[in-house]
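Asker: These protein sequences, in sequence, are chains C and D. For the first sequence, the working numbering begins at 1 and goes up steadily by one. For the second sequence, the working numbering begins at 1001 and goes up steadily by one.
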Amino acid sequence: MRGLGELESAIMERLWSYRRPVSVRDVLEDLRQEREIAYTTVMTVMDKLFKKGLLRREPAGKAYAYETVASREAYTAQLMRETLASSANQAATLVHFLERLTPEEATALEAALQVYPTKGRQ
Amino acid sequence: MIVSAVLVAYTVVAMSLLPRVLPRGAWSERAPRLAIAVWLAACASAVVSAFLAGVAAAVPGSVVGHGLAGLFQMCAAMLSGGSAFATTGGRLAMTGSLLIASWAACCGLAVLLRARRERRRHALMLRILGRPDDAIGATVVEHDEPVAYCLPGRRGQAVITTGALRSLAPEEVAAVIAHERAHLRGRHHLLLAAVETLVRAFPRLPLFAQARDEVTRLVELLADDVAASRHPRIHIAAALVRLATGRAPAFTLGAGGETAITRVRRMLDPKAPLNLRERLAGVITITALLSGPAAVALVPGISVFLAHHCHRLTMF
């Protein structure tokens, strides 16, 4: 299971680096340079990534040409946005430090932090 | 019937009165763990009492009082579709009780399943976008916004952004991760799922709404305390301030950071933990909340039991 998760990540890395639609075989050959891996394994994982909405594909000949839906940065930004917005459902992810302090509160707290070490020494 | 009425009355009073009398300020901040237990016990007390009110109305005391055999007989009659209840009212009351129980169970299941689905999706994205950093003990995500959180579950993980790593000193990062690990180890997401379930199942009831707010706040304080047992409090306080000030306005929730201020204040200027008497008062409150409704429901059964069996004793 862990291996499959790592493969998902390796395949996404490759697809982000190509910047063009590629077939399963292209990815396979790339991956085979550093590991033993079967065509069907790569195909299964890429199909899964497509179903999860991370890849899109177009028919190209007998196979599909795959490409990423969005850039890595865009995915990260979206994930963080969702994470911070999901604070209503903390049963799923526990997000803290959510509150934003007003400038006055921030100044007051910064001041408290500055004072603390002195107080500790006394 | 009287027992039933008492339980209904208790439920109504508990729903409206408990959120006002239960500890909110200083008391709970000095003992977050105990305060969480009190809130959960209060919620359980109200739900159980509502449930037992129906059961008590349906099951006459004489049935319970004459021993378990009578009760089982009644249950068997109920299951085989026969009419076990003396009155239509009893039947209705029992149906109400079962509805409450099954509705709460359904909502709980829905909350857990939804959370699991979201966590799986989130874990997939983290596998792809993040990189595990063993030195920090967290998954690091390349992102400018300073964010730290944890993703519970079987393979629970703490997550921190590169933005947070940049704005925090290494010892502050360690303190933040200790806080997240405390959430994971304490299974705080399950506590939150429990109060979330009650709010979903029985919306607009002040007791449950308040319990959710308080438990959400208190698990933060609790995780701070756990982190503070291994890390200097000043690092936790500093990390809190840095993470609370560095966020883009788009992500703000409400105005001001009341909890953040409480947390920083607690870390910088810790109050004495509860003394034995205060702690005992908390434990007694929890016990009373949990056993009260059951004790009331058992009164007719026990009195019938005593009347039935003890008159023989008095003869000797």
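The beta-carbon is built from N, C-alpha and C at its ideal position, and this holds for glycine as well. Predicted model, so just to flag it, every value in this text is computed and none were measured.
#1: Using a C-beta to C-beta distance shorter than 9 Å, which residues of chain C count as neighbours of residue 1214 (chain D)?
#2: Pull up the distance between the alpha-carbon of residue 1294 (chain D) and that of residue 1227 (chain D), whole angstroms please.
#3: Excluding the 5 residues preceding and the 5 following residue 64 (chain C) in the sequence, name in chain order all residues of the same chain whose CB lies nearer than 6 Å to its CB.
#4: Name, please, each residue of chain D whose Cβ falls closer than 8 Å to the Cβ of residue 8 (chain C).
#5: Is the distance from the Cβ of residue 1044 (chain D) to the Cβ of residue 1207 (chain D) below 8 Å?
#6: Which residue comes first and which comes last in the beta strand (DSSP E) that contains residue 1131 (chain D)?
#7: What number of angstroms, rounded off, separates the C-alpha of residue 1183 (chain D) from the C-alpha of residue 59 (chain C)?
#8: Specify whether the stretch 1218-1235 of chain D and the stretch 1179-1196 of chain D touch according to this definition: at least 3 beta carbon pairs, one from each stretch, less than 8 Å apart.
#9: State the DSSP-derived secondary structure class of residue 1212 (chain D), mapped to helix, strand or coil.
#10: Roughly how many whole angstroms lie between the Cα atoms of residue 1175 (chain D) and residue 1108 (chain D)?
#11: If the cut is a Cβ gap below 9 Å, which residues of chain D does residue 34 (chain C) touch?
#12: Under the criterion of a Cβ to heavy atom distance below 7 Å, does residue 111 (chain C) qualify as lining the ligand HEM?
#13: Label residue 66 (chain C) either buried or exposed according to how many other C-beta atoms from any shown protein chain fall within 10 Å of its C-beta, with 16 as the threshold for buried.
#14: If we define contact as Cβ-Cβ less than 8 Å, is residue 39 (chain C) a contact residue for chain D?
#15: Between the Cα of residue 108 (chain C) and those of D:1244, D:1191, D:1011, spot the shortest distance and give me the residue it belongs to.
#16: Got a sec: is the Cβ-Cβ distance from residue 1231 (chain D) to anything in chain C below 8 Å?
#17: Roughly how many angstroms lie between the CA atoms of residue 1277 (chain D) and residue 1037 (chain D), to the nearest whole one?
#18: Can you tell me the Cα-Cα spacing of residue 81 (chain C) and residue 1140 (chain D), whole angstroms?
#19: In whole angstroms, what separates the C-alpha of residue 1232 (chain D) from that of residue 1270 (chain D)?
#20: Using a 10 Å radius around the Cβ and a threshold of 16 neighbouring Cβ atoms, would you call residue 1287 (chain D) buried or exposed?
#21: At the 8 Å Cβ level, is residue 75 (chain C) part of the contact set with chain D, yes or no?
#22: DSSP state of residue 63 (chain C), grouped into three classes?
#23: Counting only the same chain and skipping the five closest in sequence on each side, list residues whose C-beta sits under 7 Å from that of residue 1056 (chain D).
#24: Distance, Cα to Cα, residue 30 (chain C) vs residue 23 (chain C)?
#25: Should residue 1261 (chain D) go down as buried or exposed, given a rule of 16 or more other Cβ atoms within 10 Å for buried?
#26: Give me the residue from D:1193, D:1241, D:1284, D:1102 with the minimum Cα distance to residue 1147 (chain D).
#27: Check distances from the C-beta atoms of the stretch 1025-1059 of chain D to those of chain C and list, in chain order, the residues that come in under 7 Å.
#28: Among residues of its own chain, excluding the 5 on either side of residue 1267 (chain D), which ones have a beta-carbon nearer than 6 Å to its beta-carbon?
#29: Identify each residue in the stretch 56-72 of chain C for which the Cβ-Cβ distance to at least one residue of chain D is less than 9 Å, and report them in chain order.
#30: Does any C-beta atom of chain C lie closer than 8 Å to the C-beta of residue 1141 (chain D)?
#31: Compare the beta carbon distance of residue 83 (chain C) and residue 1010 (chain D) with 8 Å and say whether it is the shorter of the two.
#32: For residue 1302 (chain D), is the classification buried or exposed, using 16 other Cβ atoms within 10 angstroms of its Cβ as the cut-off for buried?
#33: Should residue 1261 (chain D) be flagged as near chain C, meaning a C-beta pair shorter than 8 Å?
#34: From residue 1328 (chain D) to residue 1130 (chain D), what distance separates their C-alpha atoms?
#35: Show which residues of chain C have a CB atom less than 7 Å away from the CB atom of residue 1237 (chain D).
#36: Which first and last residues belong to the alpha helix (DSSP H) in which residue 1162 (chain D) is found?
Answerer: Let's see:
#1: Taking the second sequence and counting its residues from 1, one reaches residue 1214 (chain D) at position 214. Chain C residues near residue 1214 (chain D): none, gap ~13 Å exceeds 9 Å.
#2: The residue you call residue 1294 (chain D) lines up with position 294 of the second sequence. The residue you call residue 1227 (chain D) lines up with position 227 of the second sequence. So the alpha carbons of these two residues sit roughly 38 Å apart.
#3: Taking the first sequence and counting its residues from 1, one reaches residue 64 (chain C) at position 64. Counting only Cβ-Cβ distances below 6 Å, and skipping sequence neighbours, we find 57.
#4: Position 8 of the first sequence, counted from the first residue, corresponds to residue 8 (chain C). Chain D residues near residue 8 (chain C): 1124, 1127, 1128.
#5: Stepping through the second sequence from its first residue, residue 1044 (chain D) is reached at position 44. Stepping through the second sequence from its first residue, residue 1207 (chain D) is reached at position 207. It is not a contact, given that the beta carbons lie outside the stated cut-off.
#6: Sequence index remark: in the second sequence, residue 1131 (chain D) carries index 131 (1-based). Run containing residue 1131 (chain D): 1130-1133, per the beta strand (DSSP E) assignment.
#7: One-based indexing of the second sequence puts residue 1183 (chain D) at position 183. One-based indexing of the first sequence puts residue 59 (chain C) at position 59. Each residue's CA atom was taken as its position, placing residue 1183 (chain D) and residue 59 (chain C) some 46 Å apart.
#8: Contact between the stretch 1218-1235 of chain D and the stretch 1179-1196 of chain D is present: three or more C-beta pairs spanning the two stretches fall below 8 Å.
#9: If you number the second sequence from 1, residue 1212 (chain D) lands on position 212. DSSP places residue 1212 (chain D) in helix when its eight states are reduced to three.
#10: For the purposes of this step, residue 1175 (chain D) is taken as the residue at position 175 of the second sequence. For the purposes of this step, residue 1108 (chain D) is taken as the residue at position 108 of the second sequence. Taking the Cα positions, residue 1175 (chain D) is about 33 Å away from residue 1108 (chain D).
#11: Your numbering for residue 34 (chain C) matches position 34 in the first sequence. Against chain D, a Cβ distance below 9 Å from residue 34 (chain C) picks out nothing, because the smallest value is about 17 Å.
#12: This structure does not include the ligand HEM; it has no bound ligands of any sort.
#13: Along the first sequence, one-based indexing puts residue 66 (chain C) at 66. By the Cβ-count criterion, residue 66 (chain C) is buried, with 16 or more other Cβ atoms from all chains shown falling within 10 Å of its own Cβ.
#14: By 1-based counting over the first sequence, the position of residue 39 (chain C) is 39. No - not a single Cβ of chain D is within 8 Å of the one on residue 39 (chain C).
#15: Stepping through the first sequence from its first residue, residue 108 (chain C) is reached at position 108. Nearest C-alpha to residue 108 (chain C): D:1244.
#16: The residue labelled residue 1231 (chain D) in the question sits at position 231 within the second sequence. It does not; no Cβ of chain C falls within 8 Å.
#17: Counted from its first residue, the second sequence places residue 1277 (chain D) at position 277. Counted from its first residue, the second sequence places residue 1037 (chain D) at position 37. Looking at the two C-alpha atoms, the distance is approximately 17 Å.
#18: Taking the first residue of the first sequence as 1, we reach residue 81 (chain C) at position 81. Taking the first residue of the second sequence as 1, we reach residue 1140 (chain D) at position 140. Distance from the CA of residue 81 (chain C) to the CA of residue 1140 (chain D), rounded to the nearest whole angstrom, comes to 16 Å.
#19: Locating residue 1232 (chain D) in the second sequence gives position 232, counting from the first residue. Locating residue 1270 (chain D) in the second sequence gives position 270, counting from the first residue. Distance between the alpha carbons of residue 1232 (chain D) and residue 1270 (chain D) is about 12 Å.
#20: As a position in the second sequence, residue 1287 (chain D) is number 287, starting the count at 1. Exposed: under 16 other Cβ atoms inside 10 Å.
#21: For this step, residue 75 (chain C) is matched to residue 75 along the first sequence. At a cut-off of 8 Å between C-beta atoms, residue 75 (chain C) counts as an interface residue with respect to chain D.
#22: Here residue 63 (chain C) refers to the residue found at position 63 when the first sequence is read from its first residue. Of the three classes helix, strand and coil, the one that applies to residue 63 (chain C) here is strand, per DSSP.
#23: Translated into the one-based positions of the second sequence, residue 1056 (chain D) becomes position 56. 1003, 1004, 1007, 1297, listed in sequence order.
#24: Here residue 30 (chain C) refers to the residue found at position 30 when the first sequence is read from its first residue. Here residue 23 (chain C) refers to the residue found at position 23 when the first sequence is read from its first residue. Roughly 11 Å between the two C-alpha positions.
#25: In the second sequence, the residue the question calls residue 1261 (chain D) occupies position 261. Buried: at least 16 other Cβ atoms inside 10 Å.
#26: Locating residue 1147 (chain D) in the second sequence gives position 147, where the first residue counts as 1. Considering only alpha carbons, the answer is D:1241.
#27: Per Cβ criterion, the list is empty.
#28: On the second sequence, position 267 is the one that residue 1267 (chain D) refers to. Taken in chain order, the residues that qualify are 1233, 1236, 1237.
#29: For the stretch 56-72 of chain C, residues whose beta-carbon sits nearer than 9 Å to a beta-carbon of chain D comprise 72.
#30: As a working note, residue 1141 (chain D) is residue 141 in the second sequence. Yes - at least one Cβ of chain C is within 8 Å of the one on residue 1141 (chain D).
#31: For this step, residue 83 (chain C) is matched to residue 83 along the first sequence. For this step, residue 1010 (chain D) is matched to residue 10 along the second sequence. Residue 83 (chain C) is not a Cβ neighbour of residue 1010 (chain D), given a cutoff of 8 Å.
#32: For the purposes of this step, residue 1302 (chain D) is taken as residue 302 along the second sequence, with counting starting at 1. Counting Cβ neighbours within 10 Å, residue 1302 (chain D) comes out exposed, since fewer than 16 surround it.
#33: For the purposes of this step, residue 1261 (chain D) is identified with residue 261 of the second sequence, where counting begins at 1. It does; some Cβ of chain C falls within 8 Å.
#34: This structure gives no information on residue 1328 (chain D), because the portion of chain D shown stretches from 1001 to 1316.
#35: The sequence position of residue 1237 (chain D) within the second sequence is 237, counting from 1. 113, listed in chain order.
#36: Reading the second sequence from its first residue, position 162 is the one you call residue 1162 (chain D). Unbroken alpha helix (DSSP H) run through residue 1162 (chain D): 1162-1167.
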